[in-house]
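Enquirer: For what it's worth, our numbering labels the leading residue of the sequence shown as 167, then goes sequentially.
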Amino acid sequence: MAALVLLSAFVLQEDLVNPDAADVHVEAVGLAAPELLGLPVPRSRFKLPQASLTAEQLFARAEVAYQAGAYAKAAQDFVDVAGLLVVKKPTTYSAQFAAMRAVAYQNAAVCFRFDHQGPAGTKALTSFILRDAENRALLKKLLATLSG
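1) Terminal residues of the continuous alpha helix (DSSP H) containing residue 306?
2) Is the distance from the Cβ of residue 199 to the Cβ of residue 278 below 8 Å?
3) Where does residue 245 sit, in a helix, a strand or coil, going by DSSP?
4) Pairs of beta-carbons, one from the region 228-239 and one from the region 292-301, closer than 8 Å: are there three or more?
5) Exposed or buried, what is residue 223 when buried is set at 16 or more other beta-carbons lying within 10 Å of its beta-carbon?
6) Using the beta-carbon count (16 or more within 10 Å), is residue 233 buried or exposed?
7) How big is the Cα-Cα spacing for residue 300 and residue 264?
8) Do you know whose CA, among 254, 213 and 269, lies nearest residue 305's CA?
9) Compare the C-alpha of residue 226 against each of 214, 206 and 254 and name the closest.
10) Taking residue 231 and residue 243 to be in contact with their CB atoms under 8 Å, please state how far apart those CB atoms are, rounded to whole angstroms.
11) In three-state DSSP terms, what is residue 233?
The following block contains the structure:
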């Protein structure tokens, strides 16, 4: 039963991640900044690590920076959020953290593209390719949009 609840929680979180965001190309000339994805909130009957709360706070700071037009700062904060949510071994919240990292990667990629910082984005997101098996395919799609 607990596995079913965990699986359904993951499916709900998965729905919040936009796998097609990598297909959206943003041009900064004359357009308003695109809307970012919201961070899924992790749930666990066990205490979540402090990194989860820190990631939520940093995510909120990145959103504020983005709305203020500080796209490079926002991008770096979103990358830092993803770094905080990397888990070293499977836990009850691993799948939820993977969904949270996916949102952070996508938002970071939007910021890098909107700020015309493709090479910086490529470097930042490439660092996660080997560390994040759950999001490797998404990272590859996002990297393709940053290099093109």
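We treat Cβ as the ideally placed atom computed from N, Cα and C, and that holds for glycine.
Expert: Result, derived from the coordinates:
1) As a first step, residue 306 must be located in the sequence shown, where it is residue number 140. From DSSP, the alpha helix (DSSP H) with residue 306 extends over 302-313.
2) Locating residue 199 in the sequence shown gives position 33, counting from the first residue. Locating residue 278 in the sequence shown gives position 112, counting from the first residue. No. Outside cutoff.
3) Taking the first residue of the sequence shown as 1, we reach residue 245 at position 79. Residue 245: helix per DSSP, three-state reduction.
4) No, because fewer than three Cβ pairs between the region 228-239 and the region 292-301 fall closer than 8 Å, the two stretches do not touch.
5) As a first step, residue 223 is located in the sequence shown; it is residue number 57 there, counting from the start. With a 10 Å radius around the Cβ and a threshold of 16 neighbouring Cβ atoms, residue 223 comes out exposed.
6) Here residue 233 refers to the residue found at position 67 of the sequence shown. Residue 233 should be labelled exposed.
7) Along the sequence shown, read from residue 1 onward, the residue named residue 300 stands at position 134. Along the sequence shown, read from residue 1 onward, the residue named residue 264 stands at position 98. In this structure, the CA atom of residue 300 is about 6 Å from the CA atom of residue 264.
8) Position 139 of the sequence shown, counting from 1, holds the residue named residue 305. By alpha-carbon distance to residue 305, the top candidate from 254, 213 and 269 is 269.
9) Within the sequence shown, the letter at position 60 stands for residue 226. Closest by alpha carbon: 206.
10) One-based indexing of the sequence shown puts residue 231 at position 65. One-based indexing of the sequence shown puts residue 243 at position 77. Going by Cβ atoms, the distance from residue 231 to residue 243 rounds to 6 Å, so yes, they are a contact pair.
11) Along the sequence shown, one-based indexing puts residue 233 at 67. Shown here, residue 233 sits in a helix according to DSSP, grouped into three states.
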